[in-house]
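So the structure is just underneath, and the comments pick up after that.
Residue numbers (full-length UniProt numbering): 1 to 407.
Rendered as structure tokens:
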């Protein structure tokens, strides 16, 4: 017998990111920081190897009263001022019909959407190279997954994506599909406008057969090197009546507020009845799982994004780090190309990923660790966190890795 139910009995969380990070930390103690390349954590570090917490964010946090920091949020859905600020931050003056529900980070938005859209036994569509917790969340709700091939050469594989969605529609009469864009984790790919047009056209046709929901994970949107990327959201103004997009927005990366756990599920649809039903279900789930999210950081986001001087200071500081990540990427990507180290198509963002046969991922990751290079095992690859490796450690890294994995 077990004290746990049949689904929970035997569950054990082994997070590959933190597991690798612990090994890297131990290696630094043993051989010194200079001898270790720690490319594990998806958090910003500066060129001195120091964790980055934006001064423009956290100095402003001190101006909030103790009461604001201590109190509950104004409501389970999230503070109205926060929801309005999120809308403006993402959409500007564009008129997009949506409902916004505050969540504990982007993970809360992804998880609650899977929970409320799919039944146990249903299938979630996701990329074959993806953030690992998508699988964990699906399993938690007894949902199956079906992968689409992320790339066709150096482009998004629109054909595989739409074919996979069609197969799932045929089997269950509804599709929930995850797209992580821009700055895809872990590949660093950002889709083109034409690629988005192709999949939206295909999904519009598919929606004649049943409900289609896109779960659009934009965790890294504010680190895109294209400031006007958010104009993409205008494409969602013309969704068919049987379509919904749920944007998973996160302050973890946007505000370097990883531990504060604030984000939002932003649901968009022209079907107002279904939009309201989704909002109500999300609020119900919030009350049953996390209750409310961090009041002070909701207020902080509102204050910074709606106060011109604070907003400009924040944007200037963020841009500095967007530029630093680009410089790091330029070093690693160019050297990888020069030495023939195979990478998935990279355009921008926190991560790049080395192409590795699935049955070799664990072995090659361990071989790199023997040389004090610490990466993260992902499906079909080894992830390099460009966000956390200073430039001087990236010079020559591609050649070192290629030499080790070809031994």
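Beta carbons: idealized from backbone N, C-alpha and C, even for Gly. Since the structure is predicted, the reported quantities are computational estimates derived from the model, not experimental observations.
Within the model, the alpha-carbon separation for residue 188 versus residue 202 is close to 24 Å.
Counting C-beta pairs closer than 8 Å gives three or more between the region 269-286 and the region 108-125, which meets the contact rule. Contact check between the region 31-49 and the region 370-388: three or more CB pairs, one atom from each, fall below 8 Å, which counts as touching.
Under the three-state reduction of DSSP, residue 1 is assigned to coil, being neither helix nor strand.
Remark: fewer than three beta-carbon pairs, one from each stretch, lie closer than 8 Å, so the region 345-361 and the region 93-109 are not flagged as touching.
Setting aside the 5 residues that flank it on each side, residue 240 is surrounded in the same chain by 204 and 207, each with a C-beta closer than 7 Å to its C-beta; the list follows chain order.
For a cut-off of 8 Å, the C-beta gap from residue 180 to residue 217 is around 4 Å, short enough to register as a contact.
Look at the beta carbons and you see the region 81-91 touching the region 250-267: at least three pairs across the two are nearer than 8 Å. Contact between residue 246 and residue 215 is confirmed by a C-beta separation of about 5 Å, below the 8 Å threshold. Every unbroken stretch of the beta strand (DSSP E) spanning 3 or more residues and falling wholly within the region 334-393 is given here in chain order: 351-355, 376-378 and 381-385. A contact is defined here as three or more CB-CB pairs under 8 Å, and the region 116-134 fails this definition with respect to the region 267-276. Residue burial annotation: residue 48 is exposed, with fewer than 16 other C-beta atoms found within 10 angstroms of its C-beta. Look at residue 10 here: in three-state DSSP terms it is coil, with no helix or strand label. Contact between residue 220 and residue 182 holds, since their C-beta atoms are separated by about 7 Å, short of 8 Å. Residue 234 counts as exposed, since fewer than 16 other beta carbons sit within 10 angstroms of its beta carbon.
Beyond the five residues adjoining it in sequence on each side, residue 148 comes within less than 7 Å, by CB distance, of 125, 127, 128, 157, 160, 161 and 164 in the same chain, given in chain order.
In terms of Cα proximity to residue 24, the closest of 95, 371 and 209 is 371. Taken in chain order, the complete alpha helix (DSSP H) segments of 4 or more residues contained in the region 273-310 are 295-306.
DSSP places residue 30 inside the alpha helix (DSSP H), whose first and last residues are 16-31. In this structure, residue 299 and residue 254 do not form a Cβ contact; the two beta carbons are roughly 15 Å apart against a cut-off of 8 Å. Among the bridge pairs identified by DSSP, residue 99 is matched with 267. Between residue 190 and residue 52 the beta-carbon gap is near 22 Å, outside 8 Å, which marks them as no contact.
Taking C-beta atoms as the reference points, residue 117 and residue 213 count as a pair closer than 8 Å. When beta bridges are read from the DSSP output, residue 51 appears opposite 45.
Buried is the label assigned to residue 77, since at least 16 other Cβ atoms lie within 10 Å of its Cβ. Short of 6 Å from the beta carbon of residue 131, and not among the five residues preceding or following it, lie these beta carbons of its own chain, in chain order: 185. When beta bridges are read from the DSSP output, residue 260 appears opposite no residue. Restricted to the region 64-151, the alpha helix (DSSP H) segments that are unbroken, complete and at least 4 residues in length are 66-70, 80-91, 105-117 and 133-140, listed in chain order.
For residue 216, the secondary structure class from DSSP, reduced to helix, strand or coil, is strand. With respect to residue 309, residue 64 sits apart: the two C-beta atoms are not nearer than 8 Å. Within 10 angstroms of the beta-carbon of residue 4 lie fewer than 16 other beta-carbons, which makes it exposed.
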